[in-house]
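Counted the way mature numbering (1 follows the signal peptide of the UniProt record, and there is no 0) counts, the sequence shown spans residues -27 to -1, 1 to 550. The C-beta atom is built at its ideal place from N, Cα and C for all residues, glycine as well. What follows is a set of notes on a single structure, which appears directly below.
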Amino acid sequence: MAGGLMQCRRIMLKLLALCFIIYLQYAQVAEARIRHYKWNVKYEFKSPDCYKKLVITINGRTPGPTIIAQQDDTIIVEVTNSLITENLSIHWHGIRQIGTPWSDGTEGVTQCPILPGETFKYQFKVDRPGTYLYHAHYGMQREAGLYGSIRVSLPDGKSEPFAYDYDRSIILTDWYHQSTYEQATGLSSNPFVWVGEPQSLLIQGKGKFSCSSVPSPAGVCNSSNPECSPYAITVIPGKTYRLRVASLTALSALSFQIEGHNMTVVEADGHYVEPFVVKNLYLYSGETYSVLVKADQDPSRNHWITTNVVGRPPNTTVGVAVLNYYPNHPRRSPPTIPPTGPIWNDTAARLAQSQAIKSHSGYIHTPPPTSDRVILMLNTQNTIDGYRRWSVNNVSFNLPHTPYLIALKQNLHHVFQQTPLSDGHEFLNYDIYSVANNSNATSSNAIYRLKFNSTVDIILQNANTMNINNSETHPWHLHGHDFWVLGHGSGRFNISTHPKQYNLVNPIMKNTVPVHPYGWTALRFRADNPGVWAFHCHIESHFFMGMGMVFEEGIDRVGKLPSSIMGCGESKGLGRP
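Encoded structure:
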């Protein structure tokens, strides 16, 4: 009898242990899920602004599907390239790719492109909550419609430092009727052919081009096409909405506003902001923000949402959408004229917003008090061998045929130039207000080699273009990292006095930041993510024309590269059994 009881007890203990193991496994799955997507990328005829043209779609849609996840989830996206005649890669903008640098999606830097007909698997972890993006990173495909949102929430049971009832995402883009091939050909021609101003502004993939403004063949432009009816966000009176607003423009800096409503800025590029209220929000390509909007205006009517170009002469029609107060019909136009937004050339207002963005008092990540290396990056426009180029420190960037990540891990150092790039201190006294000769400008595919775990300061300095009295806004995006924004200023950076004005108390961390006309922006980051990372102007034509560079850090700490990223340049045959 006693022996039987002992045997029953052992069985019960084993069953309890098994149940506990199953519980732990279930708990881990519940806390960190795997989100699996299958995407088919192809060209389709669409009319996002009423004008029919070829557009790159994901599963028939542009913008593509929103990736919705929780912190620490693993994202798997199987991408099939059905573009027939074009290569492809997709970048996960704002995702740091810790431990997975080969999934950053930057063709020429972290992978070979996805060939037509092939399927490529991206797999990575979303390690922080926030608002992020994805978009094409091959040639100028992003502006052809291949983009979308990534929304990462906190794990269940955790809360954010602000409250809201509903969560919505909006992407702002500008839209050209020329194909990316036509634009790229003009940019790389002699004589130079500029892309010009965009034809439309899209809010969540919808805009309105004036079909009567330009003659077009029958059936090409149809202002009554439902594809280009204004995007509508339906709201319930009295409720508070978190609007995740992002810009993926090819060229334009934008202002975003909602008729009659204030917006409280609470997040920028995945980091909580000390809240501040705005009537209009300035956005630059690659930036993301969360704003809180309360539906507290006249509920008997709808209200306009608008976006307009700033920083350039406004030759593009204002983009419009509708804030639809339930139960009004979403297609019911507001009774007012859409607000036009702020004037285009008020640089001081845009600089003031950049300076106002601080880290939330309860979520400050204190930067290192000093840096190990300071790199000045002078943004200039140059002519090299008769071709118009954008340059940094008089060097215009070109991608090699063999991606840097593969070349460095496989010791293929001959596939890119080994001459060290300048830290730029010789340009501290550069005349930023004149059209410079810059006859010594060159092209290069050399990179910056950073000491692992070192602290690096980047000073972005804007200057005059090759046009008299002209300096442009450049939004700079860093892959694989967030950086502290230590300061923005006007005029030429002074290495003796301006660092004393740095905000080392509560600087915001971001992955994309503007440098304003004739101004400077100071960044600080830790080179603590093993891999090879692009840093570039997020304006499509500017990066295409050479405005970027690459950082290498801790390459010896990168694990074995997957064979799927190989197959181009001198990586052909590498990784095969």
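Residue i - DSSP class collapsed to helix/strand/coil
i	result
Leu224	coil
Val388	helix
Thr280	strand
Gln354	strand
Phe400	helix
Arg69	coil
Lys545	coil
Pro448	strand
Pro480	strand
Thr39	coil
Ser334	coil
Phe182	coil
Lys382	helix
Trp12	strand
Arg362	strand
Leu265	strand
Ala157	helix
Trp75	helix
Tyr475	coil
Nearest-angstrom beta carbon gap, residue j and residue i [assumed within contact, 8 Å]
i	j	result
Ala414	Ser369	7 Å
Ile63	Ala117	No, Ile63 and Ala117 are not in contact; Cβ-Cβ is about 13 Å, not under 8 Å.
Gln44	Leu127	6 Å
Gln383	Leu547	6 Å
Arg124	Ile41	5 Å
Thr313	Glu232	11 Å between Cβ atoms; not a contact.
Ser416	Gly519	7 Å
Ser20	Cys201	6 Å
Leu119	Ile209	That pair is no contact at about 33 Å.
Gln70	Phe97	6 Å
Tyr10	Ile49	7 Å
Leu56	Tyr16	6 Å
Proximity of residue i and residue j at Cβ, strictly below 7 Å
i	j	result
Leu349	Val505	no
Leu451	Phe508	yes
Val283	Pro311	no
Pro272	Tyr298	yes
residue 553	Phe498	Nothing about residue 553 can be read from this structure; the chain reaches only from -27 to 550.
Tyr255	Val218	no
Val523	Val82	yes
His244	Met482	yes
Asn352	Asn426	no
Asp147	Leu224	yes
Pro376	Gln84	yes
Asn301	Val291	no
Asp22	Gly180	yes
Asn355	Tyr406	no
Candidates the options, of which the one nearest residue i by Cα
i	options	result
His471	Pro480, Pro287, Asn479 and His461	His461
Tyr357	Ala223, Phe165 and Val523	The question names Tyr, but residue 357 in the sequence shown is Ile. Nearest option by C-alpha distance: Phe165.
Arg215	Arg362, Ser142 and Glu525	Ser142
Ala322	Leu227, Thr309, Gly78 and Asp77	Leu227
Gly33	Trp65, Gly178, Phe93 and Glu91	Gly178
Ser395	Leu385, Pro376 and Ile420	Ile420
Thr53	Gln151, Lys19, Pro86 and Asn467	Pro86
Leu528	Leu423, Ser189, Ser536 and Ile441	What sits at residue 528 in the sequence shown is Ile, not Leu. When only C-alpha atoms are compared, the closest one is Leu423.
Leu534	Trp75, Asn60 and Leu119	Trp75
Thr237	Val264, Ser225 and Ile31	Val264
Gln230	Ala191, Thr35 and His276	His276
Ser161	Pro36, Lys94, Arg362 and Ser537	Arg362
Gly37	Ser20, Val14, Asn198 and Asp22	Val14
Leu401	Ile468, Trp457, Ser364 and Ala409	Ile468
Ile538	His9, Thr79 and Asn253	Thr79
Asp501	Thr428, Asn442 and Ser536	Thr428
Cβ-based neighbour list, residue i, same chain, cut-off 6 Å, excluding 5 preceding and 5 following
i	result
Asn163	Gly359 and Tyr360
Asp430	Ser344, Val347 and Arg497
Ala495	Ile432, Leu459 and Gly460
His374	Gly542
Asn288	Glu170
Val168	Gln156 and Ser514
Asp138	Lys212 and Thr213
Val295	Pro203, Ala205 and Asn275
Ser463	Gly492
Close beta carbons around residue i, own chain, < 7 Å, minus the five adjacent residues each side
i	result
Ser258	Ser220, Leu221, Thr222, Pro448, His511 and Ile512
Thr207	Asn297, Tyr299 and Pro303
Tyr475	Leu459, Gly460 and Ala495
Leu381	Val505, Glu525 and Ile528
Below-7 Å beta-carbon distance, residue i vs any chain B residue
i	result
Thr158	The structure shown has no chain B; it contains just one protein chain.
Sequence-distant residues of the same chain with beta carbon closer than 8 Å to residue i, five excluded per side
i	result
Ala136	Thr213
Pro134	Val239, Tyr245, His333, Gly335 and Tyr336
Lys545	Met539
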